[in-house]
Amino acid sequence: MLRIAEEVSTALEEGRAVVALESTLISHGLPYPHNLAVAEGLEAEVRAAGAVPATIGLIEGVPVIGLNGNELERLAAGGERVRKLSRRDIGAAIVDHADGATTVAATMALAAAAGIEVFATGGIGGVHRGAIHSWDVSADLTELSRTPVLVVCAGAKAILDLPATLEYLETHGVPVVGYQTSEFPAFYTPQSGLPVAAVADNALTAARMWRIQRRYSAFAAPGGMVLCVPPPAQYALDRDVIEAAIERALARAEAEGVRGPSVTPFLLAAMAEETVGESIETNIALLRNNTRVAAEVALRISELG
């Protein structure tokens, strides 16, 4: 059912470091051809660190672990033809022989099926603001509670209810670890005012935490771990400016009746408008930074064996 690129399968067989990358950024995050350049840049970051990248997506209904250059371009240029896939959507996309870009949840599920332990993304989904009325909670959180993948990110997307997101993760036993920070990043900014459960000062410490989390059955959880990396200081945005922009974006979404899976892409696009493109620049910078950290952690995990 899975098609694993030869480079990726060889690396996994040899116990070398592999980093999974999602594909929704390619098809639903940025315009073509900028999206393709960013995707290729993220793979280059992984290679520069000495690890093997595995961008994940569906091509004609086949889950691919390690998209090649032509397949990356196919998703980047596909527009509305490319489906946005969470875990629940994979089966239907396979039956329909559809092209699909995988969210955090779907990427985790497919990465775990292939034997990949480390995944780099921008920010995880979470509990949406107003979820007490809408029940809008990202499937990313459920996936983190049951799928053994270490997710390297800049926290949860700032458009979400961050305290509620952390409460959900705590309830489901998902470790939230800060990478050289004791504060949960708020995606565009390193400050949220919310503490993390533990701190890893370097890649080796993060790798050891993950290994212990997975191997010691007395307290090992069945799911993943969140490793939170603050956005690079030179690209971080002002917390008050971001919060004001989020409030305006949320008001626009409510006025236009945006619901379900369309909410997050709508809000991120609105944020780009509200910040005159600064949020996109920050998003790309933190993606590259997260990818570098993920590669370093994956290398340390492979060395631990």
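If you count the sequence shown from 1, you need to add 729 to reach this note's numbering.
For every residue, glycine included, the Cβ atom is placed at its ideal position computed from N, Cα and C.
Here Ala827 is not bridged, per DSSP, to any residue. The stretch 817 to 837 makes no contact with the stretch 856 to 866, as fewer than three CB pairs between them are under 8 Å.
Unbroken alpha helix (DSSP H) runs of no fewer than 4 residues, entirely contained in the stretch 940 to 1000, are found at 968 to 984, following chain order. Our two residues, Ala822 and Arg812, have alpha carbons roughly 8 Å apart in a direct line. DSSP places Pro792 within a strand segment (E or B) once states are collapsed to three.
When the alpha-carbon of Gln920 is set against those of Glu809, Ala885, Leu979, Glu1010, the nearest one is in Ala885.
When DSSP states are grouped into helix, strand and coil, Leu933 belongs to the helix group. Shown here for Gly854: same chain residues with a beta carbon closer than 8 Å to its own, the five before and five after excluded, namely Thr832, Val833, Ala834, Ser867, Ala868, Asp869, Leu870, Ala885, Lys886, Leu889, Thr993 in chain order.
Counting along the chain, the unbroken beta strand (DSSP E) around Arg812 starts and ends at 812 to 814.
With respect to Pro960, Tyr917 sits close: the two C-beta atoms are nearer than 8 Å. Of the candidates Arg1017, Ala734, Ser815, Pro877, the residue whose Cα lies closest to the Cα of Ala841 is Pro877. Rounded to the nearest whole angstrom, the C-alpha separation of Glu872 and Leu933 is 25 Å.
Cβ contact annotation for Arg981 (same chain, cutoff 7 Å, sequence separation greater than five): Ala999, in chain order. In the three-state DSSP reduction, Tyr908 falls in the strand class (E or B).
Contact between the stretch 1006 to 1013 and the stretch 1022 to 1029 is absent: fewer than three C-beta pairs spanning the two stretches fall below 8 Å. The beta carbon of Arg977 lies closer than 8 Å to those of Ala999, Glu1003 in the same chain, with the five residues before and after it left out. Around the CB of Met837, 16 or more other CB atoms lie within 10 Å, so the residue is classed as buried.
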